[in-house]
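Q: These protein sequence lines are chains A and B, in that order. The opening residue of the first sequence carries number 1417 in our numbering; numbering runs sequentially from there. The opening residue of the second sequence carries number 1417 in our numbering; numbering runs sequentially from there. The beta carbon of each residue, even a glycine, is placed where N, CA and C say it ideally should be. None of the values given here were measured: they were computed from a predicted structure. Please read through the structure below; I'll follow up with questions.
There are 2 protein chains.
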Amino acid sequence: MADIELDERKVKILNAIIKNYLETGEPVGSRTISKYTDLNLSSATIRNEMSDLEELGYIVQPHTSAGRIPSDKGYRFYVNNLIAAKDKEVSDMQEWMIEKTEKMESLLKNVAKMLATNTQYATLVSAPSVVSNKVKFVQLSAVDEHQVLSVVVMDGNIVKNKIIQVEKPLDNETMLKLNMLLNTNLNGLTVDQINLAVISRLKEQAGIHDEIISQVLDTVAETITEDDDLQVYTSGATNIFKYPELADSKKASELLTTFEEKQSLVELLTDNGKTDETGIQVYIGEETPIATMKDCSIVTATYELGDGVKGTIGIVGPKRMDYENVVNNIKSLKGQLDKILKDEDSKT
Amino acid sequence: MADIELDERKVKILNAIIKNYLETGEPVGSRTISKYTDLNLSSATIRNEMSDLEELGYIVQPHTSAGRIPSDKGYRFYVNNLIAAKDKEVSDMQEWMIEKTEKMESLLKNVAKMLATNTQYATLVSAPSVVSNKVKFVQLSAVDEHQVLSVVVMDGNIVKNKIIQVEKPLDNETMLKLNMLLNTNLNGLTVDQINLAVISRLKEQAGIHDEIISQVLDTVAETITEDDDLQVYTSGATNIFKYPELADSKKASELLTTFEEKQSLVELLTDNGKTDETGIQVYIGEETPIATMKDCSIVTATYELGDGVKGTIGIVGPKRMDYENVVNNIKSLKGQLDKILKDEDSKT
DNA sequence: ATTAGCACTCCTCATTAGTGAGTGCTAGCA
DNA sequence: TGCTAGCACTCACTAATGAGGAGTGCTAAT
Chain A
1417 MADIELDERK
1427 VKILNAIIKN
1437 YLETGEPVGS
1447 RTISKYTDLN
1457 LSSATIRNEM
1467 SDLEELGYIV
1477 QPHTSAGRIP
1487 SDKGYRFYVN
1497 NLIAAKDKEV
1507 SDMQEWMIEK
1517 TEKMESLLKN
1527 VAKMLATNTQ
1537 YATLVSAPSV
1547 VSNKVKFVQL
1557 SAVDEHQVLS
1567 VVVMDGNIVK
1577 NKIIQVEKPL
1587 DNETMLKLNM
1597 LLNTNLNGLT
1607 VDQINLAVIS
1617 RLKEQAGIHD
1627 EIISQVLDTV
1637 AETITEDDDL
1647 QVYTSGATNI
1657 FKYPELADSK
1667 KASELLTTFE
1677 EKQSLVELLT
1687 DNGKTDETGI
1697 QVYIGEETPI
1707 ATMKDCSIVT
1717 ATYELGDGVK
1727 GTIGIVGPKR
1737 MDYENVVNNI
1747 KSLKGQLDKI
1757 LKDEDSKT
Chain B
1417 MADIELDERK
1427 VKILNAIIKN
1437 YLETGEPVGS
1447 RTISKYTDLN
1457 LSSATIRNEM
1467 SDLEELGYIV
1477 QPHTSAGRIP
1487 SDKGYRFYVN
1497 NLIAAKDKEV
1507 SDMQEWMIEK
1517 TEKMESLLKN
1527 VAKMLATNTQ
1537 YATLVSAPSV
1547 VSNKVKFVQL
1557 SAVDEHQVLS
1567 VVVMDGNIVK
1577 NKIIQVEKPL
1587 DNETMLKLNM
1597 LLNTNLNGLT
1607 VDQINLAVIS
1617 RLKEQAGIHD
1627 EIISQVLDTV
1637 AETITEDDDL
1647 QVYTSGATNI
1657 FKYPELADSK
1667 KASELLTTFE
1677 EKQSLVELLT
1687 DNGKTDETGI
1697 QVYIGEETPI
1707 ATMKDCSIVT
1717 ATYELGDGVK
1727 GTIGIVGPKR
1737 MDYENVVNNI
1747 KSLKGQLDKI
1757 LKDEDSKT
């Protein structure tokens, strides 16, 4: 791609500038590079090269007579061409942690937390979307005379429940019949297959005349289809204070509010098909779909739990984030999630 | 109490200073008071009185030749003596919202959110502690050959569940027997009554020799006793950016981290018995039990769900928070929570 | 007891000058 | 032709200075 316009030396210099800037966060000057790199060149030569790089749009001067910092294009080049994809295992901690947890919810919370601790950036994890998930098991039980408990187990062992208030108790026989009915009719269906038609067919079979049964069936349907209000888990949002370029009151406030509200984060996590073959996606600066994150970079990965049921992991940090570390971390984690969730699924 | 050392005029002036400071956040000078109040006094007179008030510790000068701001003692006096406890109803929105939600979790989330929107401060709500909550209903069901679902309903309709992996399927009869056994033995017990002794008695009755049954019973016990990792819901944490005295990078970072980690918030929410007859507790500045909140004030209230099962609502804001509004808000909310939770409970 | 007046304090803000990091350019060198 | 040394220039950052103003404390007069 950009190989035509950049000779080897320019690439080396650009790389050096970015590496240095990632560490310090300060504009980097020609003298620094002249000493930092192994190509023995004077600062003057570097200056000429830097001038070229600036003209080509890879670096930028915050003001005349300051050093240079990478532009979005520069970062992009770095991410595309310069990251050594070392597949080294990222800490055993991860595996251990994942082994231990069994509930989806706490698993994802832990994933977010661990990733935040590991990277020192803000992280977000979305739960696998349930829309195309299948019903595995349904059960109604009489808790007491006026309350019926409806429990649904989905593929991937996601358990949902709801308590139904009923006017008068359901007798045992009806209960049994309903359970049979529900399981034979709903098992194997996905959430979006359970629509009004299915429900009314159920009601017919159960004896549509009974008001209570009708109500119960409605609630079961609700239990299943109820969207668990967009499950996004975040962690380490306050890490942004570690990066001066994001820590000023105004920016931090906006960013943290975005994180707190979670709503808009969904946009980020819904797979837009632009992920590359590794399933990992990097947004730099202006590329991000969320306005309040214009000064950030975001790395996301989608993980799968079989059958196209997908969730997403994301990391948000300053543009000068340690892309190498982050990408490796997220890649390793994605792999493990893919694995564990499929395993758990196949255990059934 | 302080009635001896403060004559009526001083009280009026102190009140005026605090009111004014609550609004502006700026130190308030003698001239301002001289015009603001109805007691026609010149600024010089006010100055003398303020000098006295300062000596008595109710107000403080941030630096020589600045106006005065209330000290913690001043705020305390204000809260104790000067707040008009108008019991006016706080927005119908509240009731409406509470009616609508049925799940404890989303109910509390909404409470936190609404309170944050209403007051523009940060809020936290802890779920009712489950320790002394009673088991109402237990059920095991075979999801498939290798998985058994354990569901427990507690008083207040809190539902817990867990999936148990079993080596080989349990036959219907055993299942039925176990369910009978569990319900007759556990119903009505509180969480902390369910200890090892109870469990082993259960095992004995069920036929201790069976490894699988033993495992299943252990997991049921786990399901019940498992602490739902300290359920604290927060909202509006980013509101602190609205108050310059808290918004600087360092303080905001500390505060928000405290909120994000939630762990330490528990300290705040565990009832320490110091609440007054209304169940409402106000911490001002140094009085707060959490170090990072030394520059804040906190108002908490405990709500009950019968039988001494308690949860807490809290508001965190700057010391110059609108105590009157906050106290009223929280009082009204507490009342409604008390009511609704008891109602729901008595519906059983 | 209250008030007017005045000197004083000290924060705030804008201006100024000094410093240094870093650049662009030019001329000289291999 | 490519590299380098040198120099003038730019501009953010810092500290010092001073004017302005809000507010106080004290004193003397009412």
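#1: Between which two residues does the beta strand (DSSP E) containing V1551 (chain A) stretch?
#2: Looking only at DSSP bridge pairs, what is S1713 (chain A) linked to?
#3: Could you check what DSSP says for Y1659 (chain A) in three-state terms: helix, strand or coil?
#4: Can you find a C-beta in chain B that's less than 8 Å from the C-beta of N1555 (chain A)?
#5: Thinking L1366 (chain B) and I1706 (chain B) are a contact (beta carbons under 8 Å), I'd like their distance in whole angstroms, please.
#6: Could you list the residues in the stretch 1665 to 1684 of chain A with a C-beta less than 8 Å from some C-beta on chain B, going in chain order?
#7: Taking 8 Å as the threshold (C-beta atoms), are R1492 (chain B) and M1466 (chain B) in contact?
#8: Near S1458 (chain B), what residues of its chain come up, given a Cβ to Cβ distance below 8 Å and the 5 sequence neighbours on each side ignored?
#9: For the ligand MG, any of its heavy atoms closer than 7 Å to the Cβ of V1567 (chain A)?
#10: What is the rounded straight-line gap between the Cα of P1734 (chain A) and the Cα of Y1537 (chain B)?
#11: What first and last residue would you give for the beta strand (DSSP E) that runs through I1574 (chain A)?
#12: If I1640 (chain A) sits next to K1576 (chain A), beta carbons under 8 Å apart, how far is it from one beta carbon to the other, in whole angstroms?
#13: Output needed for G1652 (chain A): all residues of its chain with C-beta closer than 6 Å, excluding positions within five of it in sequence on either side, in chain order.
#14: Below 8 Å on the Cβ atoms is my guess for K1552 (chain A) versus L1605 (chain A); work out the distance and round it to an integer in Å.
#15: Taking all protein chains shown into account, decide if E1515 (chain A) is buried (16 or more other Cβ within 10 angstroms of its Cβ) or exposed.
#16: Please report the straight-line C-alpha distance between G1701 (chain B) and T1708 (chain B), rounded to a whole angstrom.
#17: For the alpha helix (DSSP H) that Q1631 (chain B) lies in, which residues bound it at each end?
#18: What residues in its chain sit with their C-beta under 8 Å from that of I1696 (chain A), if we drop five residues either side in the sequence?
#19: Spatial neighbours of K1619 (chain A) within its chain, please: CB distance less than 6 Å, with the 5 preceding and 5 following residues excluded, ordered by chain position.
#20: So what does DSSP say about I1499 (chain B), is it helix, strand or coil?
#21: Under 7 Å, CB to CB, which of the residues in the stretch 1646 to 1659 of chain A have a partner in chain B?
#22: Here's a check: name, in chain order, each residue in its chain whose Cβ is nearer than 7 Å to the Cβ of L1597 (chain B), leaving out the five neighbours to either side.
#23: If we call anything under 8 Å between Cβ atoms a contact, is M1591 (chain B) one with L1556 (chain B)?
#24: Could you check what DSSP says for K1667 (chain B) in three-state terms: helix, strand or coil?
#25: Going by DSSP, name the residue or residues bridged to A1538 (chain B).
#26: Where does the unbroken beta strand (DSSP E) through V1648 (chain A) begin, and where does it stop?
#27: To be precise: take each residue of the stretch 1698 to 1714 of chain A, compare its Cβ to all Cβ atoms of chain B, and keep it if any distance is under 7 Å. Which residues remain?
#28: Residue range of the alpha helix (DSSP H) that S1487 (chain B) falls in?
#29: Quick check: is the beta carbon of A1543 (chain B) nearer than 8 Å to any beta carbon in chain A?
#30: Who are the Cβ neighbours of L1455 (chain B) in its own chain at under 7 Å, not counting the five residues just before and after it?
#31: With a threshold of 8 Å between beta carbons, is L1592 (chain B) in contact with chain A?
#32: In chain order, what residues of the same chain lie with their CB nearer than 6 Å to the CB of V1559 (chain A), ignoring the 5 residues before and after it?
#33: When you compare each of B:S1669, B:S1680 and B:D1488 to I1434 (chain B) by their alpha carbons, which one comes out closest?
#34: In chain order, what residues of the same chain lie with their CB nearer than 7 Å to the CB of S1446 (chain A), ignoring the 5 residues before and after it?
#35: List, in order along the chain, the chain B residues whose C-beta lies closer than 7 Å to that of L1523 (chain A)?
#36: Return the chain-ordered list of same chain residues with a C-beta closer than 6 Å to the C-beta of V1495 (chain B), the five sequence neighbours on each side being excluded.
A: Taking the coordinates as given:
#1: That run of the beta strand (DSSP E) goes V1551 to D1560.
#2: Note: S1713 (chain A) sits in a beta bridge opposite A:I1700 and A:G1733.
#3: Collapsing the DSSP output to three states places Y1659 (chain A) in coil.
#4: The question names Asn, yet the displayed sequence has Gln at residue 1555 (chain A). Under the 8 Å criterion on CB atoms, Q1555 (chain A) is classed as interfacial with respect to chain B.
#5: Nothing about residue 1366 (chain B) can be reported from this structure: the residues present for chain B run from 1417 to 1764 only.
#6: Cβ contacts with chain B: S1665, A1668, S1669, L1672, T1673 and E1676.
#7: No. Outside cutoff.
#8: Result list for S1458 (chain B): S1450, in chain order.
#9: Of the ligands one can find in the structure shown there are none, so the ligand MG has no counterpart to examine.
#10: So the two alpha carbons sit approximately 28 Å from each other.
#11: I1574 (chain A) -> beta strand (DSSP E) spans I1574 to Q1581.
#12: Contact flag correct, Cβ pair sits at about 7 Å.
#13: The residues A1532, A1538 and T1539, in chain order, have a CB closer than 6 Å to that of G1652 (chain A) in the same chain once the five nearest residues on each side in sequence are set aside.
#14: Here K1552 (chain A) is actually not in contact with L1605 (chain A); their C-beta atoms are around 10 Å apart, not less than 8 Å.
#15: Confidence at E1515 (chain A) is low in this model, with a pLDDT of 46, below 50, so its placement is unreliable and the value that follows should be read with caution. Result: exposed.
#16: Taking the straight line joining both Cα atoms gives about 10 Å.
#17: First-last of the alpha helix (DSSP H) with Q1631 (chain B): E1627 to T1641.
#18: Taken in chain order, the residues that qualify are V1715, T1716, A1717, V1743, I1746, K1747 and K1750.
#19: The beta carbon of K1619 (chain A) sits closer than 6 Å to the beta carbons of S1630 and L1633 from its chain, once the five residues preceding and following it are set aside; these are given in chain order.
#20: Judged by DSSP in its simplified three-state form, I1499 (chain B) adopts coil rather than helix or strand.
#21: Cβ contacts with chain B: A1653, T1654 and F1657.
#22: The answer, listed in chain order, is L1618, Q1621 and A1622.
#23: Yes, the Cβ-Cβ distance between M1591 (chain B) and L1556 (chain B) is below 8 Å.
#24: Reduced to three states, the DSSP call for K1667 (chain B) is helix.
#25: Answer is B:V1732, bridged to A1538 (chain B).
#26: Where V1648 (chain A) is concerned, the enclosing beta strand (DSSP E) starts and stops at V1648 to S1651.
#27: Going along the stretch 1698 to 1714 of chain A in chain order, one finds no residue with a Cβ nearer than 7 Å to chain B.
#28: Element bounds for S1487 (chain B): n/a, residue is neither H nor E.
#29: Residue-level contact check: A1543 (chain B) does not touch chain A, since none of the beta carbons of chain A fall below 8 Å from its beta carbon.
#30: Within the same chain, and ignoring the five residues on either side of L1455 (chain B) in sequence, the residues whose Cβ sits closer than 7 Å to its Cβ are R1425 and K1428.
#31: For L1592 (chain B), the answer is no, since every Cβ of chain A falls outside 8 Å of its Cβ.
#32: Cβ within range, chain order: L1565.
#33: Nearest in C-alpha terms to I1434 (chain B), of all of B:S1669, B:S1680 and B:D1488, is B:D1488.
#34: Counting only Cβ-Cβ distances below 7 Å, and skipping sequence neighbours, we find S1459, I1462, R1463 and M1466.
#35: Going along chain B, no residue has its Cβ under 7 Å from L1523 (chain A), so there is no contact; the nearest lies around 13 Å.
#36: Only residues of its own chain outside the window of five on either side were considered, and among them V1698 and Y1739 have a CB closer than 6 Å to the CB of V1495 (chain B), listed in chain order.
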